[in-house]
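Line by line, the protein sequences give chains A and B. Sequential numbering from 705 applies to the first sequence in the numbering used here. Sequential numbering from 666 applies to the second sequence in the numbering used here. Beneath this line is the structure, given in structure tokens, with notes to follow.
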Amino acid sequence: MDEPYEPALGTFDGFYRRERRAIVGLAFVLSGSAAAAEELAQDAFLAALRDWDRVAHFDDPSAWIRRVVANRSVSRIRRLALEARHARRNSVPTWSPSREGDVDLWGEVRRLPKRQAQAIALHYLHDLPRREVATILQCSEETVKTHLDRGRRTLAIRLGERDEEAP
Amino acid sequence: VNIDQRLHEAADDLRAALADIPVSDPPQRPTHPPRGRIALTVLGVGLVCALTAGLVFLATNDDNGPVTTDHTTTDGGPVSSETTTVPVVVGTTIGQANALLERAGLVLSVHEGDATFLDAVVIAAEPGDGEQVATGSVVGVRTALPDPPLSVECPSARHPRDGASPDALPQVGQVARAGAEATVLAQRSQIPPGSDTEIYLGIWDRWAYLERDGAVVTEPTSGFQVIVVTPSEADCAATAPTFELAPVTYVFGDPARWAGSDGTTSTTTSPADAATRALLEKAEADPEDYRAPSQPTLSVTPSDGLVDGQVLAVLGEGLPPGEQIGIAACAPWDRTATTDPQCLYTSSGTGTVDAQGRLWFPDYKLAALEPAIGFNCAQPPGCELAWYVGIGEPPRVTAAINVTG
């Protein structure tokens, strides 16, 4: 008989309460839809819950759920399906993301190639250093730097602004 | 203001807005059915499946005549002067969706890479239900795997998980292919001769059932697992498996039903009209027989009366060999303009040019509508299909398309 499996890390409830807003925000930036963002976050947390005994033992469960949401959020077809599901619940998001100018900016981020958009969302919205972004996106830190540089350069051109990273 | 600063400020604003949203109670773990109820559940699932299949059969044959499968009207021009209403297919199986669409005079096309066997569930369709389209139009669908009839842990299995839920398949996490593949190969050698048990490599999400033979169609870097299909729990136990390198999902049921490559792919229909065949001949012509055009060209069929999500055949010729390029629907671009081209970029329209300068997309899914950015090819000035070498760069070659919906 195997030893019973005992999660050693924090509880799912704590994980959920700590991460939910950040995950909804990430999903919003990458999907462009508050309704889809709430559904994407809910699906991701359900996935974590179902497998929590294993997820809790990952080196960084937060990185895992960010990867799940970052990958699922960029699928247009998934976004449309989730918006439809959200609408069927007669539920309307009560939050408005930000100023009009910010909406335009995030819209331009979504127009970037998928990996560039993911890197920018994780780096800026979640204030993560390149090393952690690399862990989430499962690539090298140098690749993340390239994605960020190219993404910023494109955004600067499209928005008519300067491309200078703060020191 | 530079872009770095603006991104930081926008992120601050968004975080502030998110701080105001209420955090609902966390979801609760679904309860696992007691082992004693397993047999009853299997029986119940079987009865529901049989009843559903019967109803679908009756529903699709109430005209007492054969359902036509002649879809030759999906050729380039206006498909038909007659219109029909797209039925509701989201939530049905592919088998049911195919029957419903055929009855409406439409053609089903499953997105490349999605599950195509009869039990796969349609999760999205374009054009959507209720839309009026020309008879003979293609309705593109995305599919997901159905929940398996019952998925539980084999009592003798060892792996770092418990309480697998009936829909445990997507939760395979970060397992690399090598570990899961080694487990699959090791365990296959232990299956007793004559056993109905099958073990194969699964990939997270919708590919999980397709990789039965270990032939990986898509190459994610993680998310692999072992899928064990056995007719019953008794067969599962007989394999006496130990899985320490990868997560495992057991599916109790008829292995053939979950095969994914048992001939049911015939439900996938692609336009096979004369125009498409002509492009296909060029795309697959031997290098000795192929004559490349002197100038780059882009050919698309059909090109008229198109709708967002429609599946098209696109052939690029005279392109730079070996280069990775993409195609997208773009608003007509004024070469004197100082703004970027307005295009709807999708991952389905990228590929590598072959040595003869050809790039062939037999199932290019047209993305022509994105309300979030006000992009709609059905409104003036319309769109053209464009070959681009980089996001935001001017299109190199274009092909005319007419999008109507």
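We treat Cβ as the ideally placed atom computed from N, Cα and C, and that holds for glycine.
Rounded distance between the beta-carbons of residue j and residue i, thought under 8 Å
i	j	result
Gln1007 (chain B)	Gly983 (chain B)	At roughly 25 Å, the Cβ-Cβ gap does not stay under 8 Å, so Gln1007 (chain B) and Gly983 (chain B) are not in contact.
Leu730 (chain A)	His851 (chain A)	No, Leu730 (chain A) and His851 (chain A) are not in contact; Cβ-Cβ is about 16 Å, not under 8 Å.
Leu980 (chain B)	Ser964 (chain B)	5 Å
Leu1009 (chain B)	Asp806 (chain A)	Contact flag wrong, Cβ pair sits at about 22 Å.
Trp756 (chain A)	Ala675 (chain B)	Actually they are not in contact, since the Cβ atoms of Trp756 (chain A) and Ala675 (chain B) sit about 33 Å apart, beyond 8 Å.
Gly974 (chain B)	Glu791 (chain B)	2 Å
Within chain A, the residues that residue i reaches when beta carbons sit closer than 8 Å
i	result
Ala684 (chain B)	Arg725
Ala940 (chain B)	Simply none; closest approach about 27 Å.
Ala996 (chain B)	What Ala996 (chain B) touches in chain A: nothing, since even the nearest Cβ is about 14 Å away.
Where the beta strand (DSSP E) containing residue i begins and where it ends
i	result
Pro833 (chain A)	Counting along the chain, Pro833 (chain A) falls outside any beta strand (DSSP E), and DSSP gives it neither H nor E.
Pro1027 (chain B)	Leu1024 to Lys1030
Gly1016 (chain B)	Thr1015 to Thr1017
Gln797 (chain B)	Gln797 to Ala799
Ala1064 (chain B)	Val1062 to Ala1065
Ala994 (chain B)	Gln989 to Cys995
Glu982 (chain B)	Val976 to Glu982
Trp1052 (chain B)	Glu1049 to Tyr1053
Ser766 (chain A)	Looking at the DSSP string, Ser766 (chain A) is not in any beta strand (DSSP E); the run it does join, the alpha helix (DSSP H), is Pro765 to Ser777.
Glu791 (chain B)	Val786 to Glu791
Thr750 (chain B)	Thr748 to Thr750
Residue interval of the alpha helix (DSSP H) (run including residue i)
i	result
Ser679 (chain A)	Since the first residue shown for chain A is 705 and the last is 871, residue 679 (chain A) is missing from the structure and cannot be characterised.
Gln761 (chain B)	Ile759 to Arg768
Ile824 (chain A)	Lys818 to Ile824
Ile686 (chain B)	Looking at the DSSP string, Ile686 (chain B) is not in any alpha helix (DSSP H), and its letter there is neither H nor E.
Thr850 (chain A)	Glu845 to Leu863
Ser968 (chain B)	From DSSP, Ser968 (chain B) is part of no alpha helix (DSSP H); its letter is neither H nor E.
Val807 (chain A)	Glu804 to Arg815
Leu773 (chain B)	Not the alpha helix (DSSP H): Leu773 (chain B) falls in the beta strand (DSSP E), residues Val772 to Val775.
Trp756 (chain A)	Trp756 to Val759
8 Å Cβ shell around residue i - same chain, five flanking residues per side excluded
i	result
Glu796 (chain B)	Thr750, Val751, Val972 and Gly1070
Pro663 (chain B)	As shown, chain B starts at 666 and ends at 1070. That puts residue 663 (chain B) outside it, with no answer to give.
Ala994 (chain B)	Cys1008, Leu1009, Leu1031, Ala1032, Ala1033, Cys1042, Cys1048, Glu1049, Leu1050, Ala1051, Ile1066 and Val1068
Ala745 (chain A)	Arg724, Ile727, Val728, Ala731 and Val773
Pro952 (chain B)	Ala1020 and Gln1021
Partners in chain A for residue i, counting only beta-carbon separations shorter than 7 Å
i	result
Val688 (chain B)	Arg721, Arg724 and Arg725
Ala948 (chain B)	By Cβ distance, chain A contributes nothing, its closest Cβ being about 26 Å from Ala948 (chain B), past 7 Å.
Chain-ordered chain B contacts of residue i [CB-CB under 8 Å]
i	result
Ile824 (chain A)	Leu672
Ala860 (chain A)	Asn667 and Ile668
Leu863 (chain A)	Ile668 and Arg671
Leu750 (chain A)	Pro692
Partners in chain A for residue i, counting only beta-carbon separations shorter than 9 Å
i	result
Leu679 (chain B)	Gly729, Phe732, Val733, Pro801, Ser802, Asp806, Trp810 and Leu829
Ala1033 (chain B)	Going along chain A, no residue has its Cβ under 9 Å from Ala1033 (chain B), so there is no contact; the nearest lies around 12 Å.
Ala1020 (chain B)	Chain A residues near Ala1020 (chain B): none, gap ~26 Å exceeds 9 Å.
Contact list for residue i against chain B, beta-carbon separation under 9 Å
i	result
Phe717 (chain A)	For the sequence presented, residue 717 (chain A) should be read as Asp rather than Phe. Chain B residues near Asp717 (chain A): Asp690 and Pro691.
Cutoff 6 Å; reference residue i; Cβ partners in own chain excluding five residues on either side
i	result
Leu766 (chain B)	Leu773 and Val804
Glu747 (chain B)	Thr800
Thr733 (chain B)	Residue placement at Thr733 (chain B) is poorly supported in this model, since its pLDDT is 26, which falls under 50; the coordinates still yield a value, given next. Within the same chain, Thr733 (chain B) has no close Cβ partners at all.
Val813 (chain A)	Ala821 and Ile824
Ala1064 (chain B)	Leu963, Val965 and Leu1050
Thr839 (chain A)	Ala767
Val1062 (chain B)	Pro961, Leu963 and Trp1052
Thr757 (chain B)	Val787
Gly838 (chain B)	Unreliable positioning characterises Gly838 (chain B) in this predicted model, as indicated by a pLDDT of 46, which lies under 50. The coordinate reading is nonetheless provided below. Correct list: empty, nothing qualifies.
Gln1044 (chain B)	none
Arg815 (chain A)	none
Amino acids of chain B, ordered along the chain, whose beta-carbon sits closer than 7 Å to that of residue i
i	result
Arg856 (chain A)	Ile668 and Asp669
Own chain partners of residue i with C-beta closer than 7 Å, once the 5 adjacent residues on each side are dropped
i	result
Ala957 (chain B)	Glu982, Gly983, Gln1021 and Gly1022
Ala726 (chain A)	His830
Gln670 (chain B)	none
Val876 (chain A)	Since the displayed chain A opens at 705 and closes at 871, residue 876 (chain A) lies outside it and no answer follows.
Val848 (chain A)	Ala823, Arg834, Val837, Ala838 and Leu841
Glu1090 (chain B)	In the structure as shown, chain B begins at 666 and stops at 1070. Residue 1090 (chain B) is therefore absent and cannot be evaluated.
Legend entry - Segment contact flag, the region 845–865 of chain A with the region 675–688 of chain B, C-beta cutoff 8 Å, min 3 pairs: no
Inset, instruction - Indicate whether the contact test is met: 3 or more Cβ pairs, each with one atom in the region 826–842 of chain A and one in the region 737–752 of chain A, closer than 8 Å. - result: no
Inset, instruction - Would you be able to state if there are at least three C-beta pairs under 8 Å between the region 820–827 of chain A and the region 748–763 of chain A? - result: no
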